[in-house]
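In the UniProt record's numbering, the protein residues as written are 1 to 249.
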């Protein structure tokens, strides 16, 4: 495997990445909350891109993987800035964005920031607005009080160690919501969602499908697939979706 490379963002954060040269549109993988670029889906897509001669980028947000900073220092806006920096410094021309979980929200923020560069978007258990609709909406009054007084709360996870959710993450998330105002996605969009996902519900996928405007937007539900969406069948669906929004390539 190639050696990890690094860039510095305008905000002074150091971002780790792997970039594969190839033909476009460049496929950019955006990982989930507390995930890193060594995850199954990211590495699988890179292998596929290399076989197909496709340009491909995967990277770690600040506070994730090999990038600088700690997770509890970060928020949705910081990771959006990291995404912008990676895309602007490392890629040229049209992009196909693949966003997993929180990366699905990041993909939508990127599409809102630079729609002219997006050729297509694939969301895998996309989780737009989850800090507000998932965390805040389900916090007890006691948790809200702890957040206000201590500045963070600890939440259990079905997939890794507990999440530390900070007051800054909640407040910043409110400035990044995409499901409260019109969301124009003027390119093909494919949403993939497992029905056994305990982190992101099928209702979230349907809400995004109903809310966004796109000339070609489809949702595929996979019975019994969980949030990882990483078995052989699911990985094949991801590459099919990437090829689909890339015009069959």
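Note that the Cβ used here is the ideal one computed from N, Cα and C, for glycine as well.
The beta-bridge partner set that DSSP reports for residue 234 is empty. Contact annotation: the segment 125-133 touches the segment 96-104, with at least three C-beta pairs closer than 8 Å. Under the Cβ criterion (8 Å, minimum of three pairs), the segment 219-235 counts as touching the segment 192-204. Between residue 67 and residue 13, the beta carbon gap of about 7 Å places them in contact (Cβ cut-off 8 Å). In the displayed model, residue 200 falls within coil according to three-state DSSP, outside both helix and strand. The three-state secondary structure of residue 211, taken from DSSP, is helix.
Excluding five sequence positions before and after residue 170, the CB atoms of its chain that fall closer than 6 Å to its own CB belong to 131 and 136, given in chain order.
Per the Cβ contact rule, the segment 47-54 is not in contact with the segment 82-89 (fewer than 3 Cβ pairs under 8 Å). Excluding its 5 nearest sequence neighbours in each direction, residue 28 has C-beta neighbours in its own chain below 6 Å: 57, 95 and 97, listed in chain order. Apart from the 5 residues on each side of it in sequence, residue 223 sits with its Cβ closer than 6 Å to the Cβ of 195 in its chain, given in chain order.
Distance from the CA atom of residue 44 to the CA atom of residue 26, rounded to whole angstroms, is 15 Å. Contact check for residue 185 against residue 109 fails: the beta carbons are separated by 9 Å or more.
Less than 9 Å divides the Cβ of residue 179 from the Cβ of residue 207.
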